[in-house]
Amino acid sequence: MTPEHEGVASLVMTARSGLPPRRKAGKPPVHHPRVLIAGGGVASLEALLALRALLEGRPAIEIVAPSREFVFRPLAVGEPFWLSEARRLDLEVIAREHAAHLRLGAVDIVQPDRATVVLQDGTELPYDALVIAIGARSVTWLGGAVSFAGSRDSRAIANILSELEEGRIERIAFAAPPAMGWPLPLYELALLTEAHTARNGVDVELTIVTPEHEPLEAFGPAGVRLLRELLAERGIALRPGATAERLQGGRLLLVGGDSVAADRVIALAGIEGRPLPGIPSDPAGFIPVDEHCRVAGLEGVWAAGDNISFPVKQGGLATQQADAAAEDIAAVFGAALEPAPFRPVLRAQLLTGEAPVYLSSGASGRSAAGFSPLFSPQSKIAGRYLGPYLDGRRHPGRPEVLTDIEPPSADLATQLAEEEEARELLLTLAGGAAHFGDERTARQYREAVEHIDGTFAAGGHTPQSKRTVKRPPGRS
Ligand SMILES: Cc1cc2nc3c(=O)[nH]c(=O)nc-3n(C[C@H](O)[C@H](O)[C@H](O)COP(=O)(O)OP(=O)(O)OC[C@H]3O[C@@H](n4cnc5c(N)ncnc54)[C@H](O)[C@@H]3O)c2cc1C
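Start counting the sequence shown at 1159; every next residue gets the next number (the numbering used here).
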């Protein structure tokens, strides 16, 4: 097994030198620090929640984001299939709930020597601590392909599904971008397409083209094994170690001269950094940070999320980087804690159109995969504070910590059968409650089904019909 297959544990932070001291010698502690968070996405919200948990009411926290909307993107993959939709939350409400202020605007320049940021409208804002969480820019990279980056591309994918259903095309290639990023949504699109077309009795030829050596190799051996079996089971061809180059006459040409038959190509959008004047960046525009997410060479500036130069761009990791930054900031401002460094642990839920797959891999070398949840609460973005917060908005009183669950000893086929049994029972109970006019209870049962299906965070709908589950992987 090569280092590429050892999962996220084989990845290290990129910058470890040139770090500022934690607090300048002789500099008095700031009693009412002003923390500025640039960005209104996953890392920003996690940083807000973590700072409030660690420093309570002390810091004045301001979020600067261009929009009032927080978009929970992962469920956008279900939109073309009417399974789920990207959940949208009001950032201003969340900020208010956590005694923070939302300022609409975009950070244009950072002036670390003056500890201020300048917004695009010219406003200058001072900070004692700055967290840069402005994410990355999505880019189309394969001419002629349908690019997928989220909700705005759902219609284009739905159009391809219509073409498949009408029998006008039958071969689809799914292409992962050349740089690493986060390939999981591509596997979801392929699996959801297969489930959708199978349900509608449509013949298709689906191929995933990826530069990874193994499918979802960041999850380590257990994830790779399950993915290989699942793709084979669903008849989805895999071209690992391959990079798509261009489309030509019904074929997707690969770098090196090989090709794949394809009537249409769905390409997962690539990502590039959003360089900010005043902040160092690597050649791809990402910010070098140390293991506490301090920006290399600057005092009072941290960065977390897709905008840092960590190669895997995932929401769960973005929250862990935000946690590392928040702990370090809290320590700087006098909290009695030893800030934990960022040690990546990947947790994911893969939508398949049938039972979702749970995957995890971590710094300790754990690699687990199966049909039973591996962490709780279940969320497409498993954040220590954000996961329970989002879950709690729907179910007040639920546990407030993200907890890992030991992989069950049951084999995959048994896990799948148990999940299916629970789902069928809940659907029956929902039907019974609805029959007796108890809509509230029926809704609770349906929400429990959505949890099992992995579409819950969307507030999605529950298919009333039986889900067709094929022969589970691992059973010959
Ligand atoms: C289709 C899809 C599916 C995905 N599925 C999953 C999944 O299942 N699980 C998972 O964990 N991750 C998933 N991800 C990845 C996850 O969405 C990202 O890793 C995560 O959103 C990164 O968080 P972030 O805070 O760094 O950036 P974002 O969430 O992108 O937030 C960046 C924020 O910064 C704001 N901003 C931009 N420029 C500025 C500026 N100059 N000043 C101020 N604010 C600015 C933006 O408006 C935005 O509010 C998926 C991504 C996609 C595209």
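The C-beta atom is built at its ideal place from N, Cα and C for all residues, glycine as well.
Quick check: what's the CA-CA separation for residue i versus residue j?
{"i": "residue 1314", "j": "residue 1304", "result": "7 Å"}
{"i": "residue 1478", "j": "residue 1201", "result": "8 Å"}
{"i": "residue 1547", "j": "residue 1540", "result": "11 Å"}
{"i": "residue 1320", "j": "residue 1408", "result": "18 Å"}
{"i": "residue 1323", "j": "residue 1582", "result": "28 Å"}
{"i": "residue 1261", "j": "residue 1279", "result": "12 Å"}
{"i": "residue 1207", "j": "residue 1485", "result": "11 Å"}
{"i": "residue 1244", "j": "residue 1439", "result": "30 Å"}
{"i": "residue 1338", "j": "residue 1410", "result": "20 Å"}
{"i": "residue 1568", "j": "residue 1359", "result": "32 Å"}
{"i": "residue 1266", "j": "residue 1390", "result": "48 Å"}
{"i": "residue 1561", "j": "residue 1534", "result": "5 Å"}
{"i": "residue 1268", "j": "residue 1459", "result": "10 Å"}
{"i": "residue 1496", "j": "residue 1490", "result": "10 Å"}
{"i": "residue 1311", "j": "residue 1372", "result": "27 Å"}
{"i": "residue 1575", "j": "residue 1298", "result": "40 Å"}
{"i": "residue 1368", "j": "residue 1284", "result": "44 Å"}
{"i": "residue 1356", "j": "residue 1253", "result": "44 Å"}
{"i": "residue 1375", "j": "residue 1415", "result": "24 Å"}
{"i": "residue 1318", "j": "residue 1349", "result": "15 Å"}
{"i": "residue 1344", "j": "residue 1596", "result": "40 Å"}
Hey, residue i and residue j are a contact pair by Cβ (cut 8 Å); roughly how many whole angstroms apart?
{"i": "residue 1420", "j": "residue 1330", "result": "7 Å"}
{"i": "residue 1352", "j": "residue 1325", "result": "At roughly 17 Å, the Cβ-Cβ gap does not stay under 8 Å, so residue 1352 and residue 1325 are not in contact."}
{"i": "residue 1395", "j": "residue 1333", "result": "With a Cβ gap of about 13 Å, residue 1395 and residue 1333 do not count as contacting."}
{"i": "residue 1530", "j": "residue 1378", "result": "At roughly 18 Å, the Cβ-Cβ gap does not stay under 8 Å, so residue 1530 and residue 1378 are not in contact."}
{"i": "residue 1194", "j": "residue 1276", "result": "12 Å between Cβ atoms; not a contact."}
{"i": "residue 1290", "j": "residue 1461", "result": "4 Å"}
Could you pull the start and end residues of the alpha helix (DSSP H) that residue i belongs to?
{"i": "residue 1390", "result": "1378-1391"}
{"i": "residue 1357", "result": "1342-1357"}
{"i": "residue 1266", "result": "Looking at the DSSP string, residue 1266 is not in any alpha helix (DSSP H); the run it does join, the beta strand (DSSP E), is 1265-1269."}
{"i": "residue 1588", "result": "1570-1593"}
{"i": "residue 1316", "result": "1312-1323"}
{"i": "residue 1599", "result": "1597-1611"}
If distances are taken between C-alpha atoms only, which option among the options comes closest to residue i?
{"i": "residue 1442", "options": "1560, 1467, 1422 and 1212", "result": "1467"}
{"i": "residue 1213", "options": "1510, 1483 and 1451", "result": "1483"}
{"i": "residue 1542", "options": "1209, 1428, 1277 and 1191", "result": "1209"}
{"i": "residue 1464", "options": "1498, 1527 and 1294", "result": "1294"}
{"i": "residue 1499", "options": "1537, 1444 and 1449", "result": "1449"}
{"i": "residue 1364", "options": "1496, 1379 and 1397", "result": "1397"}
{"i": "residue 1288", "options": "1296, 1259 and 1487", "result": "1487"}
{"i": "residue 1336", "options": "1318, 1402, 1195 and 1310", "result": "1402"}
{"i": "residue 1272", "options": "1263, 1264 and 1282", "result": "1282"}
{"i": "residue 1471", "options": "1611, 1255 and 1342", "result": "1342"}
{"i": "residue 1565", "options": "1527, 1594 and 1595", "result": "1527"}
{"i": "residue 1428", "options": "1599, 1301 and 1250", "result": "1301"}
{"i": "residue 1362", "options": "1340, 1404, 1422 and 1197", "result": "1422"}
{"i": "residue 1509", "options": "1235, 1250 and 1223", "result": "1235"}
{"i": "residue 1366", "options": "1356, 1406, 1347 and 1383", "result": "1347"}
{"i": "residue 1501", "options": "1258, 1344, 1532 and 1480", "result": "1480"}
{"i": "residue 1216", "options": "1222, 1204, 1223 and 1258", "result": "1258"}
Using DSSP's beta-bridge definition, name the partner residues of residue i.
{"i": "residue 1437", "result": "None; residue 1437 has no bridge partner."}
{"i": "residue 1467", "result": "In the DSSP output, where bridge partners are listed per residue, residue 1467 has none listed."}
{"i": "residue 1339", "result": "1470"}
{"i": "residue 1259", "result": "1220"}
{"i": "residue 1418", "result": "1410"}
{"i": "residue 1227", "result": "1248"}
{"i": "residue 1428", "result": "1297"}
{"i": "residue 1537", "result": "BP columns for residue 1537 are empty, so no partner."}
{"i": "residue 1290", "result": "1196 and 1461"}
{"i": "residue 1561", "result": "1534"}
{"i": "residue 1447", "result": "1453"}
{"i": "residue 1423", "result": "1331"}
How far does the beta strand (DSSP E) with residue i in it reach, from first residue to last?
{"i": "residue 1406", "result": "1402-1406"}
{"i": "residue 1516", "result": "1515-1520"}
{"i": "residue 1527", "result": "1525-1528"}
{"i": "residue 1329", "result": "1329-1333"}
{"i": "residue 1507", "result": "1503-1508"}
{"i": "residue 1306", "result": "1304-1306"}
{"i": "residue 1277", "result": "1274-1277"}
{"i": "residue 1363", "result": "1363-1367"}
{"i": "residue 1394", "result": "1394-1397"}
{"i": "residue 1282", "result": "1282-1284"}
Any chance the CB of residue i is under 8 Å from a heavy atom of ligand 2?
{"i": "residue 1269", "result": "Ligand 2 is not part of this structure, which contains only ligand 1."}
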